[in-house]
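Undergrad: One gets this note's numbering by counting positions in the sequence shown from 1 and adding 19 to each.
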Amino acid sequence: MTIIWTIIIGLIAGVIAKFIMPGDNEPKGFILTILLGIAGAFVATWLGQAIGWYGPNDQAGLIGSVVGAIIVLFIWGMIVRRRA
20 MTIIWTIIIG LIAGVIAKFI MPGDNEPKGF ILTILLGIAG AFVATWLGQA
70 IGWYGPNDQA GLIGSVVGAI IVLFIWGMIV RRRA
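This is the structure:
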């Protein structure tokens, strides 16, 4: 059940992040949107634990996942612009 919940949160976080940061260079497709949200959740969890907002066994929620996905989208945009 945890993997299914992570995929659902990843999809929601990825869609919200794409609405907040639209652009031509964003990853497109259903699977990439889910992966964007899941990567955002991992980034938010890692940053939150490094800063001290989350404990060692805590995970980022939906808002943290969206913020993490926005960070991932920003980095994605920088890499794509550099290649073009």
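We treat Cβ as the ideally placed atom computed from N, Cα and C, and that holds for glycine.
Give me, in chain order, the residues of the same chain whose beta-carbon lies closer than 8 Å to that of W89; leave out the 5 immediate sequence neighbours on both sides.
TA: By one-based count along the sequence shown, residue 89 stands at place 70. It should be noted that the sequence gives Ile, not Trp, for residue 89. Here the set comprises A36, I39, M40, G59.
Undergrad: Here's the rule: buried if 16 or more other CB atoms are within 10 angstroms of the residue's CB, otherwise exposed. What is W95?
TA: As a position in the sequence shown, residue 95 is number 76, starting the count at 1. So W95 ends up on the buried side.
Undergrad: In three-state DSSP terms, what is K47?
TA: As a working mapping, residue 47 is identified with position 28 in the sequence shown. Residue state, collapsed to three classes: coil.
Undergrad: Which stretch, first to last residue, makes up the alpha helix (DSSP H) that contains M97?
TA: Reading the sequence shown from its first residue, position 78 is the one you call residue 97. Start and end: 81 to 102.
Undergrad: With DSSP as the reference, label W109 as helix, strand or coil.
TA: The structure shown does not extend to residue 109, since the chain is modelled only from 20 through 103, so no value can be given for it.
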